[in-house]
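Have a look at the structure below, then the notes.
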Amino acid sequence: MEKGTITIRGIFEDMLTILNIFENRDVLRSTYTPDYLPHRSDQVRALATVLVSALRGETPSNVLIYGKTGTGKTAVAKHVGQELERTGELYGIPCVVIYINCEVVDTQYRLLASLARHFDREVPMTGWPTDQVYSEFKNALDSDKRIAIIMLDEVDKLTDKGDGVLYNLTRINSDLKKAKVSLIGITNDLKFTEFLDPRVRSSLGEEEIIFPPYDANQLRDILQERAKMAFKQGILEETVIPLCAAYAAQEHGDARRALDLLRVSGEIAERAKSAKVLEAHVKQAQEKIEIDRVVEVVKTLPTQSKLVLLSAVLLCYDGNITTGEAYNIYKQMCRIIGIEVLTQRRVTDLISELDMMGILNATVVSKGRYGRTKEISLSVPIDSTRKVLFEDYRLKPLEEYRPSSQTKLYA
DNA sequence: CTTCCACGGGAACACTGGGGTG
DNA sequence: CACCCCAGTGTTCCCGTGGAAG
Numbered sequence: 001m002e003k004g005t006i007t008i009r010g011i012f013e014d015m016l017t018i019l020n021i022f023e024n025r026d027v028l029r030s031t032y033t034p035d036y037l038p039h040r041s042d043q044v045r046a047l048a049t050v051l052v053s054a055l056r057g058e059t060p061s062n063v064l065i066y067g068k069t070g071t072g073k074t075a076v077a078k079h080v081g082q083e084l085e086r087t088g089e090l091y092g093i094p095c096v097v098i099y100i101n102c103e104v105v106d107t108q109y110r111l112l113a114s115l116a117r118h119f120d121r122e123v124p125m126t127g128w129p130t131d132q133v134y135s136e137f138k139n140a141l142d143s144d145k146r147i148a149i150i151m152l153d154e155v156d157k158l159t160d161k162g163d164g165v166l167y168n169l170t171r172i173n174s175d176l177k178k179a180k181v182s183l184i185g186i187t188n189d190l191k192f193t194e195f196l197d198p199r200v201r202s203s204l205g206e207e208e209i210i211f212p213p214y215d216a217n218q219l220r221d222i223l224q225e226r227a228k229m230a231f232k233q234g235i236l237e238e239t240v241i242p243l244c245a246a247y248a249a250q251e252h253g254d255a256r257r258a259l260d261l262l263r264v265s266g267e268i269a270e271r272a273k274s275a276k277v278l279e280a281h282v283k284q285a286q287e288k289i290e291i292d293r294v295v296e297v298v299k300t301l302p303t304q305s306k307l308v309l310l311s312a313v314l315l316c317y318d319g320n321i322t323t324g325e326a327y328n329i330y331k332q333m334c335r336i337i338g339i340e341v342l343t344q345r346r347v348t349d350l351i352s353e354l355d356m357m358g359i360l361n362a363t364v365v366s367k368g369r370y371g372r373t374k375e376i377s378l379s380v381p382i383d384s385t386r387k388v389l390f391e392d393y394r395l396k397p398l399e400e401y402r403p404s405s406q407t408k409l410y411a
């Protein structure tokens with residue numbers, strides 16, 4: 001950055017003269033739902049085929065939708081849902097589509113509560129017994145003749161006790177006099193059903209729709225489609241879109257990722273005052289996205305997890321880390337900054353969580369006579385992680401801390 | 001075959017933030 | 001108001017278990 005000698009005068013003119021390469025940047029955001037979904041007509045048709053019976057006054061089968069992230073599950077489901085409601089209105093058949101994202105609403109109570117609130121029933125955030133909320137919802141729903149489609153996005157995120165609600169919901173039809181319910185579960189966890197109560201599994205999975213990942217060609221089509229709306233004419237170098245598509249195809253064909261990449265590439269080009277978006281910008285964007293992701297995740301970690309991560313960071317300089325060593329360092333650091341020390345049991349859980357988030361890599365290794373441990377390695381850039389960790393004021397005192405070698409197992 | 005260490009499942013508990021009731 | 005009920009969450013405690021070095 002320059003020193004504080006910038007001239008204020010003219011600064012805005014300067015900024016405004018930057019070529020605005022975007023026509024409409026929001027088109028590239030993940031919140032934007034396009035009207036046209038390339039390469040998904042099979043899935044749209046499949047879902048519509050199931051739901052059409054609602055318009056004939058029958059209860060549609062429950063549906064389970066599988067597919068990795070960014071394969072268009074949510075977009076398709078919402079789209080078909082809207083279309084169903086619209087058509088229902090046209091024909092005078094009351095269809096209600098309720099969309100719930102279980103990543104936010106992730107407990108039975110909250111799920112039932114938000115369903116009830118959808119029918120304008122007042123339910124407190126907490127406090128009631130669950131069955132009371134359940135019957136509140138049931139009564140509200142049953143007050144009229146209608147068909148309700150409940151879409152549960154990311155059902156797998158419903159925590160362990162979640163299958164209790166699912167079980168109730170799949171059986172709710174026998175309790176209802178006038179209304180009918182059918183469920184649409186959306187998940188990106190292919191093994192989700194293995195975990196489920198068999199009764200729920202068979203009922204929820206009456207119909208299954210698979211969303212395969214996009215290949216590079218399909219991603220290119222999608223990007224092309226959006227780029228037309230997002231950028232001004234002739235701004236993109238020809239290789240940009242294929243490159244974005246190729247990168248994203250490597251990451252399990254995630255369309256969201258591809259769009260992000262394209263948008264960030266554009267933003268980088270814009271900031272570099274380039275008249276065109278070049279291949280190099282895409283490469284920069286790829287790195288930036290990865291780093292941003294890590295920084296964001298690490299920053300929002302709870303203190304204890306940060307501490308555990310920090311001990312891994314400090315240890316990773318001398319090769320592989322085992323839980324035992326990491327735990328010792330962790331303990332010392334807790335004492336230094338006066339934070340309560342968690343049990344080893346808990347710490348292994350925290351490590352597993354970090355593993356899940358892709359910050360660490362932990363694999364169980366058996367060292368024969370010397371027992372069994374998890375071998376930990378960092379899977380993120382060390383230095384930026386360190387930096388982010390020390391941004392937390394509670395960890396600040398540890399900046400000088402060096403793990404003492406007395407913790408080595410063999411004396 | 002033994003031995004050793006941490007893994008990881010499950011139960012139990014403490015605590016939080018809310019409600020209803022007398 | 002005091003008191004008990006409830007769901008949810010984070011934690012500790014207890015314990016059976018894996019598996020290769022010795």
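Using the UniProt record's numbering, you'd call the opening residue of the first sequence number 1 and step up by one each time.
Ideal Cβ placement from N, Cα and C applies to all residues, glycine included.
{"Query": "I need the straight-line Cα distance from residue 307 to residue 375, nearest angstrom please.", "Result": "18 Å"}
{"Query": "Can you grab the Cα-Cα spacing for the pair residue 430 / residue 7, in whole Å?", "Result": "A query on residue 430 cannot be resolved here, the shown segment of the chain reaching from 1 to 411 and no further."}
{"Query": "Would the segment 93 to 109 and the segment 226 to 240 be scored as touching if the rule is three or more Cβ pairs under 8 Å?", "Result": "no"}
{"Query": "Going by Cα to Cα distance, which pick from 336, 320, 314 is closest to residue 389?", "Result": "314"}
{"Query": "DSSP state of residue 99, grouped into three classes?", "Result": "strand"}
{"Query": "Measuring CA to CA, which of 309, 181, 220 is closest to residue 326?", "Result": "309"}
{"Query": "Kindly list the residues whose CB is nearer than 8 Å to the CB of residue 261, restricted to its own chain and excluding five residues on each side of it in sequence; keep chain order.", "Result": "244, 247, 248, 282, 285, 286, 289"}
{"Query": "For residue 362, which residues does DSSP report across the bridge?", "Result": "376"}
{"Query": "Could you check what DSSP says for residue 53 in three-state terms: helix, strand or coil?", "Result": "helix"}
{"Query": "I need the DSSP call for residue 125, collapsed to helix, strand or coil.", "Result": "coil"}
{"Query": "Nearest to residue 38 by CA position, among 225, 144, 51, 379, is which residue?", "Result": "225"}
{"Query": "Suppose the cutoff is 7 Å on Cβ atoms and the five residues either side in sequence are ignored; what does the same chain contact list for residue 393 look like?", "Result": "none"}
{"Query": "Hey, quick one: how far does the alpha helix (DSSP H) through residue 311 stretch, first residue to last?", "Result": "303 to 315"}
{"Query": "Using only CA atoms, which one of 65, 172, 329, 331 lies nearest to residue 206?", "Result": "65"}
{"Query": "Evaluate residue 188 with the Cβ neighbour count: other Cβ atoms within 10 Å of its Cβ, from every protein chain shown; 16 or more gives buried, anything less gives exposed.", "Result": "buried"}
{"Query": "Count the C-beta pairs between the segment 82 to 94 and the segment 140 to 159 that are closer than 8 Å, then say yes if the count reaches three, no if not.", "Result": "yes"}
{"Query": "Below 8 Å between beta carbons: does that hold for residue 342 and residue 351?", "Result": "no"}
{"Query": "Would you identify the three-state DSSP class for residue 408, choosing helix, strand or coil?", "Result": "Interpretation of residue 408 is limited by its pLDDT of 43, a score under 50 that renders its predicted location unreliable; the figure taken from the coordinates is listed afterwards. Three-state result, residue 408: coil."}
{"Query": "Compute the distance between the beta-carbons of residue 87 and residue 180, then report whether it is under 8 Å.", "Result": "no"}
{"Query": "Quick one: grab the DSSP three-state call for residue 238.", "Result": "coil"}
{"Query": "What are the boundary residues of the alpha helix (DSSP H) that residue 136 is part of?", "Result": "130 to 142"}
{"Query": "Provide the residue(s) that pair with residue 12 in DSSP beta bridges, ordered along the chain.", "Result": "Paired residue(s): none; residue 12 is not in a bridge."}
{"Query": "Are residue 134 and residue 112 close, meaning C-beta to C-beta below 8 Å?", "Result": "yes"}
{"Query": "Could you name the residues of the same chain whose beta carbon sits closer than 6 Å to that of residue 2, not counting the 5 residues immediately before and after it, in chain order?", "Result": "Note that residue 2 scores a pLDDT of 49, beneath 50, so its modelled location is shaky; the value from the coordinates is reported in the next line. If we look at residue 2 and ignore the five residues flanking it on each side, it has no Cβ neighbours."}
{"Query": "Residue 153 lies in the beta strand (DSSP E); which residues open and close that run?", "Result": "147 to 153"}
{"Query": "Using DSSP with H/G/I as helix, E/B as strand and the rest coil, what is residue 322?", "Result": "strand"}
{"Query": "Might you give, ordered along the chain, the residues of its own chain that have their beta carbon closer than 8 Å to the beta carbon of residue 12, omitting 5 neighbours on each side?", "Result": "none"}
{"Query": "Whose CA, out of 266, 222, 229, 271, lies closest to the CA of residue 256?", "Result": "222"}
{"Query": "Would you mind sorting residue 384 into buried or exposed? The rule is 16 or more other CB atoms within 10 Å of its CB.", "Result": "exposed"}
{"Query": "Tell me which residues share the same chain as residue 295 and place their Cβ nearer than 6 Å to its Cβ, disregarding the 5 neighbours each side in the sequence.", "Result": "388"}
{"Query": "On the DSSP bridge assignment, give the partners of residue 66 in chain order.", "Result": "187, 210"}
{"Query": "Could you tell me the boundaries of the alpha helix (DSSP H) in which residue 74 lies?", "Result": "73 to 91"}
{"Query": "According to DSSP, is residue 2 helix, strand or coil?", "Result": "In this prediction, residue 2 scores a pLDDT of 49, lower than 50, which makes its location untrustworthy; no coordinate-derived value is stated."}
{"Query": "Just checking, does the segment 68 to 88 make contact with the segment 199 to 218 on the three C-beta pairs under 8 Å criterion?", "Result": "yes"}
{"Query": "Please confirm whether residue 183 and residue 170 have their CB atoms less than 8 Å apart.", "Result": "yes"}
{"Query": "Do residue 397 and residue 329 have their beta-carbon atoms positioned less than 8 Å apart in this structure?", "Result": "no"}
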